[in-house]
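Here the structure comes first, spelled out in structure tokens, and everything after it is commentary.
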Amino acid sequence: MMISVTDRHSSEFFHYLPDWMNDPKIGSVLRRCSRVIDYEEGMLSEEYISRRRDERRDITAIVRGLKRHWII
1293 MMISVTDRHS
1303 SEFFHYLPDW
1313 MNDPKIGSVL
1323 RRCSRVIDYE
1333 EGMLSEEYIS
1343 RRRDERRDIT
1353 AIVRGLKRHW
1363 II
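Position 2, counted from 1, in the sequence shown is what the working numbering calls 1294; the numbers after and before it change by one each time, with no gaps.
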């Protein structure tokens, strides 16, 4: 499920996003620092979503006993 501008939890954030992205100082910092938000599309990045999906798959495998998890 993609989180976008229409999502009620993130819509307030994305409301200010165009102004922040057009700011010469803030915009460049946001683009460099964030790996969670795809500012061009106004949604969570595909990289973040796939990483979370992989983590969820690993946890499910551990719970089902298909994969060992070592706690140090």
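Backbone N, C-alpha and C fix where the C-beta goes; we use that ideal spot for every residue, glycine too.
Computed from a predicted structure; not experimentally measured.
Proximity of residue i and residue j at Cβ, strictly below 9 Å
i: E1338; j: D1350; result: no
i: Y1340; j: V1328; result: yes
i: R1324; j: M1313; result: no
Beta-bridge partners of residue i, as assigned by DSSP
i: I1329; result: L1336
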